[in-house]
Structures are given as structure tokens and as C-alpha cells.
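Undergrad: Sending over a structure as C-alpha cells; questions will come in a sec.
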Amino acid sequence: MDKLNHHFFISSGVAGGIPIGCIITNEEETNNFREGVKLLCECFPEKCCLLQNGPLIVMSDDDLKKREVLSEIWLNSTYLLCQFHVLKAVWQWLMNSENKILKEHHQELYFSFKSLMYAETEMQLKELLQNMLDNNTVRKYDKFIIYLSKLFSKKQLWCTYHRKMVLTRGNNTTNYVESLFKVLKETILGRVKAFSLVQLLDFIVTKFEKYLHSRYLDFSFGLYNKKLVKRFLPDDKGIIQNIRSLNKDNTYFEIDHHFVDLESSICTCFVGMNGKLCKHLSAVILKQNKQSTFVYSLESRKLMYEVGYWKKIGFK
Ligand SMILES: [Zn+2]
């Protein structure tokens, strides 16, 4: 039996990941994968820009071949790497005996790279890099410096500083994908790997889909663990009284020297500038009683009801 790989395209949301497409390929896969993506795009209606014109952001692990295929098809998307997978790759490189890094230096080199990843400004990034290159442990390993320079040449794909203005809504890893894969492998496939193509397809479009539908409906009915949606629950943090509206439509606000655009759900503070729910945006949403699909609200529950039932509903 050929070894089969399945590639999911998953959109993040308040109720977790939502699979929007799946491609199953065999091992000789680059061309098959390319054809699969083209077929997937054709499945979506012309008006739907999600896959027709490409997603706004594509976040993946460091599979260069797949990323190249996607960037040929979706020219306008912004491509990012999952920070967890980058760190994992660095750790594996350090552990690889061929690279001859002494065991007692693994952690020091790993954490110095990790600090680079989370740099918040260009100046901080430059300082951290210079400190790293001046570090006596780093200077012992020419091979690590070469590896580091290769990683640094594509820093816009993994460094926090470079995604400040990218609308990631606070997603820097592919955790949504990992979580759904865990469900698929453990709950749906029962950790069995020997499936034929037909069996695998059947499990994905029947059992897995049924699981997802009930999950989204549970969310829409409020049958959901609130801890899972904690990062999407608005909280005023005692600053709600500091809000000042800046336009008559009440869509633009100033709060504690930061500016919140309610329509696009973005704040000018460091946490909120890529669309993550910061304390300022939270307070404004609560004050204006804004219904949004970005937070746990009636609007997001309604949306997940529609996804779960596959139909639009008319209630308000
Ligand atoms: Zn903010």
C-alpha cells in the first residue's frame, strides 16, 4: 500500500480550527500537491476569495516544497512559519550529533535563538543578534553561526518583530492544526495507520466531519468549556471608564494613549496591533456591546451554528 499523506487547510476561529479543505497524496507528492491545491481552489465559488485569490496569511511548518507550490498559486498571500516548528527544528539541529554541539551547550544556544525569535523591535533584534555573535559559546561553533545566518536570512518568516503589522490575530503557531490532527489520529482513526485511500477518505468525509459539526453546534449552543475561549472573552480590566470616542459613528476610540479601530478590531498597542484581543479592544467591545466573530459573542455563536448546519440563518 502506498504511504498516504493528508494535508489540511485550516482556518482559525473562536471555536477552534475549521478545516476548509484536505488533499490526500502519495509519497511522490509535489506535483500531486500542486494539482490538489488547484482542484481545491476550483471547489470554491468565484465570489469566495478565501482560496480563489488565496488566504491573507498562510502559516505552515518549514516544508519548503509545499510553501513554494502555494506561493506559485497564491501570489498575494503573506507566508509565515509556525514559531513552534522553527524552535523544534533548531533544537533538533543542536541535538544532531553530526553538528558536534556539546551537550552542555544545547540549552544556551537554543535559548539565545529563542530570544531572537521573540524580539519586539528592530533595535532589540539587532542587539540580541550582536550579543549572540559575541557570545563565547556561540563563537566555538562555526557550523552553528552558518546555520544561524541561514535562519536569519528568512527572519521575516519567524520573528515576532516582523509580524507586528500582519493580521495574525495573535496566532504565531499552527496549534489549531495540531489540535485537529490529534483528534483525527486518536479519536477518528483510533491510532491505526494502515488505511487504504478509500478508507481514509471515508473517515475524513464522514466520521471526522460529523465530529466537527457536533463540535461547532455545541459551541453555538454555549456547551463549551469557557477556559478554551478565555482569550476570546472580552474583559474591561477596570479601564472601561477611560474610553473616549473619536468619531460620531463610534468606531474609533482612544483609551490610555492607545487607539482602537472597532471595525477592523485592531488596537495600536503592541498586543493588539496584529488583531489580537488586547485589554483596550476588549474594553471597547464591552462598552459598545459590539457583536463580533473575533470574540466569543452571539455573532460568533451564530456563525458556528451556520457552519455546523451548513446553512445561513435569519435570526438577529
Ligand atoms: Zn490595545
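Heads up: the sequence shown is residues 4 to 319, going by our numbering. Positions of the beta carbon are idealized from the N, C-alpha and C atoms, including for glycine.
Nearest-angstrom Cα distance between R166 and R172?
TA: Here residue 166 refers to the residue found at position 163 when the sequence shown is read from its first residue. Here residue 172 refers to the residue found at position 169 when the sequence shown is read from its first residue. So the alpha carbons of these two residues sit roughly 10 Å apart.
Undergrad: With DSSP run on the structure shown, which of helix, strand or coil describes D238?
TA: Working through the sequence shown from its first residue, we reach residue 238 at position 235. In this structure, D238 counts as coil in the three-state DSSP scheme.
Undergrad: Which term fits F114, buried or exposed, when burial requires 16 or more other beta carbons within 10 angstroms of its beta carbon?
TA: Position 111 of the sequence shown holds residue 114. Under this definition F114 is an exposed residue.
Undergrad: From which residue to which residue does the alpha helix (DSSP H) around S100 run?
TA: Working through the sequence shown from its first residue, we reach residue 100 at position 97. Looking at the DSSP string, S100 is not in any alpha helix (DSSP H), and its letter there is neither H nor E.
Undergrad: Can K282 be considered in contact with ligand 1, in the sense that its beta carbon sits closer than 7 Å to one or more heavy atoms?
TA: Residue 282 sits at position 279 when you count from the first residue of the sequence shown. The answer is yes for K282.
Undergrad: Our contact map puts G311 next to S248 with C-beta atoms below 8 Å; I'd like the distance itself, whole angstroms only.
TA: On the sequence shown, residue 311 is found 308 positions in, with the first residue counted as 1. On the sequence shown, residue 248 is found 245 positions in, with the first residue counted as 1. So it is not a contact: roughly 36 Å between Cβ atoms.
Undergrad: What would DSSP say about D205, mapped onto helix, strand or coil?
TA: Here residue 205 is taken as the residue at index 202 of the sequence shown, counted from 1. Helix.
Undergrad: Would N321 and G57 be called neighbours here (beta carbons separated by less than 8 Å)?
TA: Since the first residue of the chain shown is 4 and the last is 319, residue 321 is not available in this structure.
Undergrad: Beta carbon of G275: closer than 7 Å to some heavy atom of ligand 1?
TA: Locating residue 275 in the sequence shown gives position 272, counting from the first residue. Yes; taking the cut-off as 7 Å, the Cβ of G275 has a heavy atom of ligand 1 nearer than that.
Undergrad: Could you check whether the Cβ of H260 sits closer than 7 Å to any heavy atom belonging to ligand 1?
TA: Indexing the sequence shown from 1 puts residue 260 at position 257. Here the distance from the Cβ of H260 to the nearest heavy atom of ligand 1 is not below 7 Å.
Undergrad: Measure the alpha-carbon distance for D205 versus L301 and round it to whole angstroms.
TA: The residue given as residue 205 occupies position 202 in the sequence shown. The residue given as residue 301 occupies position 298 in the sequence shown. Cα-Cα distance, rounded: 34 Å.
Undergrad: Over the uninterrupted alpha helix (DSSP H) stretch that includes M168, give me the two end residues.
TA: Residue numbering aside, residue 168 sits at position 165 when the sequence shown is read from its first letter. Run containing M168: none; DSSP gives neither H nor E here.
Undergrad: Identify the continuous alpha helix (DSSP H) that holds C46 and give its terminal residues.
TA: Working through the sequence shown from its first residue, we reach residue 46 at position 43. Taken as a continuous stretch (DSSP letters only), the alpha helix (DSSP H) holding C46 covers T33 to C46.
Undergrad: Hey, which unbroken runs of the alpha helix (DSSP H) at 4 residues or more fall wholly within the region 221-297?
TA: 282-291
Undergrad: Below 8 Å between beta carbons: does that hold for L119 and L132?
TA: Numbered from its first residue, the sequence shown carries residue 119 at position 116. Numbered from its first residue, the sequence shown carries residue 132 at position 129. The Cβ-Cβ distance between L119 and L132 falls below 8 Å.
Undergrad: By Cβ distance below 8 Å, which residues in the same chain neighbour A122 in space, the five residues on each side in sequence not counted?
TA: Numbered from its first residue, the sequence shown carries residue 122 at position 119. Result list for A122: L128, L131, C162, T163 and Y164, in chain order.
Undergrad: Am I right that T176 and C44 are in contact with their C-beta atoms under 8 Å? What's the rounded C-beta distance?
TA: As a first step, residue 176 is located in the sequence shown; it is residue number 173 there, counting from the start. As a first step, residue 44 is located in the sequence shown; it is residue number 41 there, counting from the start. Not really, about 26 Å apart at Cβ, beyond 8 Å.
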